[in-house]
Amino acid sequence: MSSELDEMRALPSALPDPDLESASAALTALAMKGVGDEEARDLVGWLATWQRRRKPRIVRPRVALFATAHGLAKDDLPYFRTEVRRAIAGEGAWVEECAAAEAELRLHEMSLNDPTPDIRVGDALSPQATAHAMLYGMIAVEPGLDLLVVSALGEGAEDASRVLDTAIAGGADPMPALGARGGPDLAAVAGAILAARMAGTPVLLDGGGARAAANALAKLDPRSVDHCRDAFLYAGGEARTGRMGSRAISALRAAASLVE
5 MSSELDEMRA LPSALPDPDL ESASAALTAL AMKGVGDEEA RDLVGWLATW
55 QRRRKPRIVR PRVALFATAH GLAKDDLPYF RTEVRRAIAG EGAWVEECAA
105 AEAELRLHEM SLNDPTPDIR VGDALSPQAT AHAMLYGMIA VEPGLDLLVV
155 SALGEGAEDA SRVLDTAIAG GADPMPALGA RGGPDLAAVA GAILAARMAG
205 TPVLLDGGGA RAAANALAKL DPRSVDHCRD AFLYAGGEAR TGRMGSRAIS
255 ALRAAASLVE
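Note that the numbering used here has the sequence shown beginning at 5, numbered continuously upward.
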């Protein structure tokens, strides 16, 4: 196993604890304003805990989409590449959804022109390449972000998420499995999740790929994903991967505004 992957494995033990004092202060402020809605209180408490702010805010949210050409979804690749390139050019539904939510969009291409091996018959990535993909995912996080939505795009990512989930349920080592059984995009999502925790940025998981990456990290250390929630819970019925998070941002922004 690579030394880089060992370094990644050690990260969860060094992650910051929840800021319960900020959460308590934010909830007290809500009570003083007469806000008793349980969902609003839950959202505000969660944001305050992981932003480490007594007055949580959603001023600078970011949607980070990771796009990989998966070998097990070759039939989907031409359409998938077209949609990704449209988004890079500033066109398409992903761009429109993020603009409507007043969220930054970052689309990260990973092996888009060079499909990974079919993970049903072999490993997508070596341990060293898995570590590099996780490091790449960490660049999706910058100082000053209030919320990060992470998503692995395409049918291939959804298929890979099921393969990874099966491997984790069967007792596979989570760190190498992220790349070997998941692929570059799922490993990158895991890296982004860890970086967000270190930066004090709550995370919304958008789609099966993001959930599978978080599940692998949770198998390693359940505390490593305490700052994550499923975007579907707040997406108002939207169920398309890559778009749930942008819909959910509005719900969280409304809750955070109650503390201002």
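Note that beta-carbon positions come from the ideal geometry of N, C-alpha and C, so glycine has one too.
(request) Tell me whether serine 7 is buried or exposed, calling it buried when 16 or more other Cβ atoms sit within 10 Å of its Cβ. (result) Serine 7 should be labelled exposed.
(request) Might you give, ordered along the chain, the residues of its own chain that have their beta carbon closer than 7 Å to the beta carbon of leucine 24, omitting 5 neighbours on each side? (result) In chain order, Thr53 place their CB closer than 7 Å to the CB of leucine 24, counting only its own chain and leaving out the 5 sequence neighbours on each side.
(message) Just to confirm the assignment: which complete alpha helix (DSSP H) runs, minimum length 4, are found wholly within the region 107–188?
(response) If we require 4 residues or more, the alpha helix (DSSP H) runs fully inside the region 107–188 come out as 131–142, 159–173, 178–181.
(message) Let's see if you can read the secondary structure: which residues bound the beta strand (DSSP E) around arginine 233?
(response) Start and end: 232–234.
(message) Within the continuous alpha helix (DSSP H) that includes arginine 257, where are the two ends?
(response) Residues 248–261.
(message) Could you check whether aspartate 189 and glycine 249 sit closer than 8 Å to each other, using their CB atoms as the reference points?
(response) No; because the gap between Cβ atoms is not below 8 Å, this pair is not in contact.
(request) Let me know if alanine 258 comes out buried or exposed under the rule of 16 or more other beta-carbons within 10 Å of its beta-carbon. (result) Looking at its Cβ environment, which holds fewer than 16 other Cβ atoms inside 10 Å, alanine 258 is exposed.
(request) Could you name the residues that DSSP lists as bridge partners for leucine 208? (result) Leucine 208 is bridged to Val153, Arg233.
(request) Could you please give the first and the last residue of the uninterrupted alpha helix (DSSP H) stretch that includes arginine 61? (result) No alpha helix (DSSP H) holds arginine 61; DSSP gives it neither H nor E.
(message) Among the candidates His74, Leu116, Cys232, whose CA atom is the shortest distance from the CA of aspartate 163?
(response) That would be His74, whose Cα lies nearest to the Cα of aspartate 163.
(request) Give the C-beta separation of leucine 69 and histidine 112 to the nearest angstrom, bearing in mind that I take them to be a contact with Cβ-Cβ under 8 Å. (result) That pair is a contact at about 7 Å.
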